[in-house]
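All remarks here apply to the structure that follows.
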Amino acid sequence: MNIQKALAEFITFGEQRDSAISVIISTASSNQTYLYTLTQPVLIDVLTRCLNKEIDIDDIELWANVIESRDDINCAEHEGVIYALSNSEQMGELSHKKLEQLLTLLKG
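When we follow the working numbering, the leftmost residue of the sequence shown carries the number 2, and every step to the right adds one.
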């Protein structure tokens, strides 16, 4: 699996997510080009799946931290949402209520 496929699998919580994590960990972040762009439909899908308990809420903070820390992931359009998900110290503990609020903002 190449890094581009690994980023897509990880960000979408795909079936090969565990393999993707291994590839991501072993590959340095390239700040020269974006290999993946976080889109609104993908972000809405992941948050909705978390609310439906298909994705563990504890995994969302780690997910957002990885997205925020990688230079090869373009998340500029949703930077505020990713920040809110990845910084529980500043934003308060992540909860289903917060996810619902973020989804309302994204869909609005």
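C-beta atoms are modelled at their ideal positions from N, C-alpha and C, and glycine is treated no differently.
To which residues does DSSP link residue i through a beta bridge?
i, result
"isoleucine 74", "Tyr37"
Please report the residue range of the alpha helix (DSSP H) in which residue i lies.
i, result
"methionine 2", "Taken as a continuous stretch (DSSP letters only), methionine 2 belongs to no alpha helix (DSSP H), as it is neither H nor E."
"leucine 104", "97-108"
"aspartate 19", "18-27"
Where residue i and residue j are concerned, what is the direct C-alpha to C-alpha distance, given to the nearest angstrom?
i, j, result
"alanine 7", "glutamine 41", "19 Å"
"threonine 49", "glutamine 33", "32 Å"
"alanine 85", "methionine 92", "6 Å"
"leucine 106", "alanine 65", "17 Å"
"glycine 109", "leucine 103", "10 Å"
"glutamate 94", "leucine 36", "30 Å"
Assign residue i to one of three DSSP states: helix, strand, or coil.
i, result
"aspartate 46", "helix"
"glutamate 69", "helix"
"aspartate 57", "coil"
"serine 89", "helix"
"glutamate 62", "helix"
"glycine 15", "coil"
"glutamate 94", "coil"
To the nearest whole angstrom, what separates the beta carbons of residue i and residue j, a pair I think is in contact under 8 Å?
i, j, result
"glutamate 101", "leucine 52", "7 Å"
"isoleucine 4", "threonine 28", "5 Å"
"isoleucine 12", "isoleucine 83", "About 11 Å separates the two Cβ atoms, so there is no contact after all."
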